[in-house]
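Heads up, the thing below is written out as structure tokens.
Residue numbers (our numbering), protein chains in the order written: chain A, 4 to 345; chain B, 4 to 345.
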């Protein structure tokens, strides 16, 4: 069990002086004699006295701690965002605490409440997939806690937003396959009720139409994880003889699809060129190494933290909201070199 | 800027009743009339009243929040440990907040202080590589905050500990190569001042000696990341003609070594069998899929959280410390099937 921490009153009682003398001695107040200051400060150090965090925050209205709420910490994209956030935060004297919702709405509510109870100065959020009610976000605003959404934004809440341009990223990836000579490109897609699923599919279609290729629903297979690729392996193999390119909604889906095709006698990229989305560490490990688009998670994290600091420190007008958009960049590797042996 | 949150006194003033009536109405006290209760509760909801977290914690001595301090959240092992911690924590009504030290001693000190200031009920720590002073850990004990170390334990502090048996894991991995027919096994090793580097190398040597094979320093190459494998590629290639097996200190080192060997004309596992350590998601993506040992991060997280709850809730005697050890398990895949084509 935790023991009660020592307070200014305890120190005053033990040393036989008044609490206000102790308080002023600890703050190096000029009215207190050097001798008393030394006594109080040495004693406070000895008994491990810590100013009460809440009392400090009530005085200064600041804890210099910000909260990060994300769906999954193991995800490469989110971990790069966190690095970007932390680098800006530390440089400006803020500490960061992280809560993981595991894509669970209830946990998101609890995590936000815990952060408010701990009086963080502001919160950076990427919304969970299962969040369809937004009162917990409204509450933050009503409590005056600055909030910036990144990546998985909440369209129903006005706030600063930092996002990756999924539509443009998918268009860049699909255009690259067309440039490499692909004429018929399969898309491995995420569920269309998710914004990233919808935007990446639309970017794919847009690139096809630009080049007078048709966007054929028959060539779109719904799978967005390693497991769902294996579950839909038959559909992928059935379409394989007629396609020469695959654009997958993320890297792990692209890599699993390459493995399914290779086991069925296809050579990548000789027979079919493949492009992913995300540029996680797996892209380099894949066989062949995977061409993909990089989402600039680090830049997104930095931008989100800078916007948050603007609200915390500069008293930015409440309704002055900004949206920053980062366009992914192509990272070209072996998997998309159609017609070549690896 | 944050506005001051509304207090019980504010509600009392606005409604024209006493603070103690407000307080008891909020707690559903039988002495308060249903009408007053409804008035107070409806009003409190409307103005978003939240009981002050610190005040609550001073009363109950509990915040039901625990802190997790880890070197790197992106690391697969730590993310599985966190899942294990969270599953036990949530089941017992605790919330978890995570701090990442980025292997930096200064951040570890700041993170621990922030958690103490936020009055977490207990802390789970895996120490940073650069921590060589331990006063911040001693302080936790002096403040009566229960602590459990996991994986990267602090030998200088008496506490509960939950660890993976790296020595035994390495012995299992090396024995497996010997069982597959390897006679001369290279080891890709981590720095020997790190406990995991030392223990895994010693496990490797122990397995060799068990089978009357010599543990030859010449066959130990110091590299423990993808980057250092590429930097020491010449040394690996120079030794390759005389070895038939490789045991690498972690999966990414094993996978990078396979790529270096393949680019130099070696066939894995036909010419050289390879085993890693860790069983992260990369092991399945590697070409060929990597045989490795699984570290049981999830079980380690669960065990650590259960020990912590013991100290938080059951008033376990301060000096009653336990150490729990988890032995890794072999996960056999294609990369270690010496002599076979993949």
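Idealized CB from N, CA, C, for every residue including glycine.
What residues are listed by DSSP as bridge partners for residue 332 (chain A)?
Locating residue 332 (chain A) in the first chain gives position 329, counting from the first residue. Answer is A:297, bridged to residue 332 (chain A).
Going by C-alpha to C-alpha distance, which of B:264, B:284, B:335, B:46 sits closest to residue 242 (chain B)?
The count along the second chain starts at 1 and reaches residue 242 (chain B) at position 239. Among B:264, B:284, B:335, B:46, the Cα nearest to that of residue 242 (chain B) is on B:264.
Taking Cβ-Cβ distances below 8 angstroms as the criterion, which residues of the stretch 277 to 304 of chain A are in contact with chain B?
284, 285, 287, 288, 289, 290
Between residue 265 (chain B) and the ligand ATP, is the CB less than 7 angstroms from at least one heavy atom?
For the structure depicted, the ligand ATP is absent and the ligand set is empty, with no information on it obtainable.
Quick check: the stretch 132 to 144 of chain B against the stretch 163 to 170 of chain B, are there 3 or more CB pairs under 8 angstroms?
no
In terms of residue numbering, what span does the beta strand (DSSP E) encompassing residue 102 (chain A) cover?
Here residue 102 (chain A) corresponds to residue number 99 of the first chain, with the count starting at 1. 98 to 103 is the extent of the beta strand (DSSP E) around residue 102 (chain A).
Grab the span of the alpha helix (DSSP H) containing residue 266 (chain B) for me, first residue to last.
Position 263 of the second chain, counted from the first residue, corresponds to residue 266 (chain B). Residues 254 to 266.
Which word fits residue 41 (chain B), buried or exposed, when buried means at least 16 other C-beta atoms lie within 10 angstroms of its C-beta?
Position 38 of the second chain, counted from the start, is the residue given in the question as residue 41 (chain B). That one is exposed.
Spatially closest choice to residue 182 (chain A) from A:339, A:22, A:14, by CA coordinates
Translated into positions along the first chain, residue 182 (chain A) becomes position 179. Of the candidates A:339, A:22, A:14, the one whose C-alpha sits nearest the C-alpha of residue 182 (chain A) is A:339.
Given a threshold of 16 other Cβ atoms within 10 Å of its Cβ, counted over all protein chains shown, does residue 234 (chain A) qualify as buried or as exposed?
Position 231 of the first chain holds residue 234 (chain A). Result: exposed.
State the Cα-Cα distance for the pair residue 83 (chain B) and residue 249 (chain A), rounded to the nearest angstrom.
Counting from one through the second chain, the residue named residue 83 (chain B) turns up at place 80. Counting from one through the first chain, the residue named residue 249 (chain A) turns up at place 246. So the two alpha carbons sit approximately 32 angstroms from each other.
Assuming the contact rule is C-beta atoms closer than 8 angstroms, residue 153 (chain B) and residue 307 (chain B) should be a hit. Round their C-beta distance to whole Å, please.
To locate residue 153 (chain B), count along the second chain from 1; it is residue 150. To locate residue 307 (chain B), count along the second chain from 1; it is residue 304. About 4 angstroms separates the two Cβ atoms, so the contact holds.
Go ahead and pull the three-state DSSP assignment for residue 23 (chain B).
For the purposes of this step, residue 23 (chain B) is identified with residue 20 of the second chain, where counting begins at 1. Three-state result, residue 23 (chain B): helix.
From the DSSP output, which residues share a beta bridge with residue 277 (chain A)?
In the first chain, residue 277 (chain A) corresponds to position 274, counting from 1. DSSP lists A:249 as partners of residue 277 (chain A).
Does residue 164 (chain A) come out as helix, strand or coil in the three-state DSSP assignment?
Here residue 164 (chain A) refers to the residue found at position 161 of the first chain. Strand, per DSSP.
For the stretch 136 to 147 of chain B, which residues have a beta carbon sitting closer than 9 angstroms to at least one beta carbon of chain A?
142, 145, 146, 147
So, residue 222 (chain A) versus residue 188 (chain A), is the Cβ gap smaller than 8 angstroms?
If you number the first chain from 1, residue 222 (chain A) lands on position 219. If you number the first chain from 1, residue 188 (chain A) lands on position 185. Contact: yes.
Beta-bridge partners of residue 70 (chain B), as assigned by DSSP:
Indexing the second chain from 1 puts residue 70 (chain B) at position 67. Answer is B:100, B:126.
Evaluate the contact criterion for the stretch 94 to 101 of chain B versus the stretch 88 to 104 of chain A: three or more CB pairs, one atom per stretch, below 8 angstroms.
yes
Do residue 117 (chain A) and residue 10 (chain B) have their C-beta atoms within less than 8 angstroms of each other?
Locating residue 117 (chain A) in the first chain gives position 114, where the first residue counts as 1. Locating residue 10 (chain B) in the second chain gives position 7, where the first residue counts as 1. No, these two residues do not count as a Cβ contact at 8 angstroms.
Candidates A:283, A:291, A:328, A:285, of which the one nearest residue 304 (chain A) by Cα:
As a position in the first chain, residue 304 (chain A) is number 301, starting the count at 1. It is A:328 whose Cα lies nearest to the Cα of residue 304 (chain A).
So with CB distances below 8 angstroms, who are the chain B contacts of residue 79 (chain A)?
Taking the first residue of the first chain as 1, we reach residue 79 (chain A) at position 76. What residue 79 (chain A) touches in chain B: 77.
Could you pull out every residue in the same chain whose Cβ sits closer than 6 angstroms to the Cβ of residue 50 (chain A), ignoring the five residues on either side in sequence?
As a first step, residue 50 (chain A) is located in the first chain; it is residue number 47 there, counting from the start. Closer than 6 angstroms at the Cβ level, and outside the excluded window around residue 50 (chain A), lie 9.
8 angstroms Cβ cutoff, residue 231 (chain A) in contact with chain B
Locating residue 231 (chain A) in the first chain gives position 228, where the first residue counts as 1. No, no contact with chain B.
Under 8 angstroms between the Cβ atoms of residue 127 (chain A) and residue 88 (chain A)?
One-based indexing of the first chain puts residue 127 (chain A) at position 124. One-based indexing of the first chain puts residue 88 (chain A) at position 85. Yes, they are a contact pair.
Nearest neighbour of residue 232 (chain B), chosen from B:260, B:245, B:175, B:252 [CA to CA]:
For the purposes of this step, residue 232 (chain B) is taken as residue 229 along the second chain, with counting starting at 1. The option with the nearest alpha carbon to residue 232 (chain B) is B:260.
Using the beta-carbon of each residue, which ones in chain B are nearer than 7 angstroms to residue 82 (chain A)?
Residue numbering aside, residue 82 (chain A) sits at position 79 when the first chain is read from its first letter. The answer, in chain order, is 76, 77.
Have a look at the DSSP bridge pairing and note the partners of residue 223 (chain B).
For the purposes of this step, residue 223 (chain B) is taken as the residue at position 220 of the second chain. Beta-bridge pairing links residue 223 (chain B) to B:190.
For the beta strand (DSSP E) that residue 153 (chain A) lies in, which residues bound it at each end?
Along the first chain, read from residue 1 onward, the residue named residue 153 (chain A) stands at position 150. Residue 153 (chain A) -> beta strand (DSSP E) spans 150 to 153.
Contacts of residue 258 (chain A) in chain B (Cβ-Cβ under 7 angstroms)
The residue labelled residue 258 (chain A) in the question sits at position 255 within the first chain. 288, listed in chain order.
Which of helix, strand or coil does DSSP assign to residue 183 (chain A)?
On the first chain, residue 183 (chain A) is found 180 positions in, with the first residue counted as 1. Residue state, collapsed to three classes: coil.
Which same chain residues, not among the five before or five after residue 334 (chain A), have their C-beta less than 8 angstroms away from its C-beta?
Reading the first chain from its first residue, position 331 is the one you call residue 334 (chain A). Here the set comprises 282, 286, 294, 295, 296, 297.
What is the C-beta distance between residue 130 (chain B) and residue 110 (chain B), in whole angstroms, given that I count them as a contact (C-beta under 8 angstroms)?
Taking the second chain and counting its residues from 1, the one referred to as residue 130 (chain B) is at position 127. Taking the second chain and counting its residues from 1, the one referred to as residue 110 (chain B) is at position 107. Actually they are not in contact, since the Cβ atoms of residue 130 (chain B) and residue 110 (chain B) sit about 12 angstroms apart, beyond 8 angstroms.
Among B:26, B:33, B:34, which one has its Cα closest to the Cα of residue 43 (chain B)?
The residue given as residue 43 (chain B) occupies position 40 in the second chain. Checking every option, the nearest Cα to that of residue 43 (chain B) belongs to B:26.
For residue 48 (chain B), which residues of its own chain have a beta-carbon under 6 angstroms away from its beta-carbon, when the five flanking residues on both sides are left out?
The sequence position of residue 48 (chain B) within the second chain is 45, counting from 1. If we look at residue 48 (chain B) and ignore the five residues flanking it on each side, it has no Cβ neighbours.
Evaluate residue 159 (chain A) with the Cβ neighbour count: other Cβ atoms within 10 Å of its Cβ, from every protein chain shown; 16 or more gives buried, anything less gives exposed.
One-based indexing of the first chain puts residue 159 (chain A) at position 156. Exposed, because fewer than 16 other Cβ atoms sit within 10 Å of the Cβ of residue 159 (chain A).
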